[in-house]
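Single-structure report; data block below.
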Amino acid sequence: MEFTCEDFKVGICEGQKLVDGATMPLVLQPPEEPKNSNDMQSLLLALEKNNDWFKQMIIKNSAVLLRGFNVTNAEDFNDIVETFGWDHVPYVGPAPRTNVFKQIWTANEGPLSEPIIFHHEMALVPPPEGGETPIGPSWRVAERMMEEFPEAVKEMEEIGLKYTFRAPPQPTASFKGRGWPEFLGSSDPAEAVKKAKANADIDVEWLPNGTANLNFAQRPLTMVFEGRKGRKMWFNLIHLMYKKEITSVTMMDGTEIPEQIVRRIEEIIEEEIIQFRWEKGDVLFLDNLAVYHGRRPSLPPRKVLVATCKVASV
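Residue 12 in the numbering used here sits at position 12 of the sequence shown; the count goes up by one each step and never skips.
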């Protein structure tokens with residue numbers, strides 16, 4: 001499949017990298033002479049016409065940035081997302097987020113002064129300083145960890161990981177600020193327990209202060225997804241949950257993960273990042289099965305919107 005098409009011009013952005021022969025992110029801009037004076041309408045027509053090609057570019061490059069189109073609000077963003085026919089995945093988790101319009105949610109509304117650690121999951125108002133959304137190739141982290149710590153990686157893959165998260169009864173002012181009623185989707189404890197087990201295989205333990213201790217079933221260290229060249233992805237939350245105030249992670253049998261391993265994971269993730277400044281109207285597509293992302297601290301205002309979709313096949 002060709003790398004370019006007549007309805008998009010390939011551009012560049014700061015921080016762009018060539019990773020295993022693919023450009024991350026691939027920047028697509030309006031052609032020199034738009035066929036329609038309304039940039040947004042032209043974009044929707046171009047996406048409909050080149051739908052299969054665009055999806056392949058997301059898989060090939062793992063990240064595609066639309067820049068220079070007249071995308072101004074949540075409705076425009078939703079129209080873009082709907083051209084692909086992907087199933088919407090409603091957000092369920094600890095981060096404070098708000099549903100804005102149909103499939104569109106706010107990004108994590110935690111304090112802008114706090115960084116959001118890298119993890120797997122449109123710029124409306126870019127911040128005056130900071131606030132970038134750094135991304136990175138998950139398979140590179142897996143490759144480097146297997147090279148540097150082959151025995152430790154093998155052990156964690158064989159035993160699996162155990163995550164624990166303490167969700168308070170009320171929201172808190174942090175990037176993990178949701179209380180358990182929002183996290184689990186019900187304010188009724190009995191119903192919350194049922195949903196936790198059915199939706200995410202989580203066992204709930206109630207503490208005397210009303211906090212829910214959430215014990216996740218066995219989780220993998222790495223995963224291999226169809227269509228990603230058979231690569232192992234570093235698909236876990238070790239660095240995010242290791243010995244934090246409200247979270248913890250061990251091997252499934254209770255064995256502690258050596259701190260030097262965790263610190264090296266953090267270093268490798270940071271070394272592999274790709275980062276650019278948001279511009280108003282940017283729309284970034286990420287292959288969440290191959291790319292991790294985070295958030296840098298920033299000055300206000302910063303408003304970034306998110307849509308999470310499930311792709312059955314590509």
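Heads up, the beta-carbon is just placed ideally off N, CA and C, and yes, glycines get one too.
Out of the options, point me to the one whose CA is closest to residue i's CA.
i           : options           : result
residue 263 : 51, 238, 290, 167 : 238
residue 42  : 70, 148, 139      : 70
residue 168 : 220, 134, 246, 83 : 246
residue 106 : 161, 299, 74, 13  : 74
residue 240 : 17, 265, 27       : 265
residue 21  : 39, 252, 61       : 61
residue 248 : 53, 163, 236, 304 : 163
Counting along the chain, where does the alpha helix (DSSP H) carrying residue i start and finish?
i           : result
residue 183 : 180-184
residue 295 : Run containing residue 295: none in the alpha helix (DSSP H); it sits in the beta strand (DSSP E), 291-295.
residue 150 : 150-159
residue 53  : 51-61
residue 80  : 74-82
residue 286 : Segment 283-286 is the beta strand (DSSP E) holding residue 286; no alpha helix (DSSP H) there.
residue 12  : No alpha helix (DSSP H) holds residue 12; DSSP gives it neither H nor E.
Consult DSSP for residue i and reduce its assignment to one of helix, strand or coil.
i           : result
residue 262 : helix
residue 192 : helix
residue 41  : helix
residue 113 : coil
residue 228 : coil
residue 29  : strand
residue 162 : strand
residue 175 : In this prediction, residue 175 scores a pLDDT of 49, lower than 50, which makes its location untrustworthy; the coordinate-derived value is nonetheless stated afterwards. In the structure shown, residue 175 sits in coil (DSSP, three-state: anything other than H, G, I, E or B).
residue 200 : helix
residue 71  : coil
residue 6   : coil
residue 121 : Note that residue 121 scores a pLDDT of 47, beneath 50, so its modelled location is shaky; the value from the coordinates is reported in the next line. DSSP places residue 121 in coil when its eight states are reduced to three.
residue 217 : coil
residue 138 : helix
residue 167 : strand
Using a Cβ-based criterion (distance less than 7 angstroms to any ligand heavy atom), does residue i qualify as near the ligand COA?
i           : result
residue 239 : Looking at this structure, you won't find the ligand COA or any other ligand, since it has none at all.
Determine whether the Cβ of residue i lies closer than 8 angstroms to any Cβ atom of chain D.
i           : result
residue 285 : No chain D appears in this structure, which consists of one protein chain only.
The beta strand (DSSP E) spanning residue i covers which residue range?
i          : result
residue 22 : 22-24
How do the stretch 208-217 and the stretch 142-153 stand: do at least 3 beta-carbon pairs fall below 8 angstroms, yes or no? no
Per the contact definition of three or more C-beta pairs closer than 8 angstroms, is the stretch 73-89 in contact with the stretch 301-311? yes
Indicate whether the contact test is met: 3 or more Cβ pairs, each with one atom in the stretch 283-300 and one in the stretch 54-71, closer than 8 angstroms. yes
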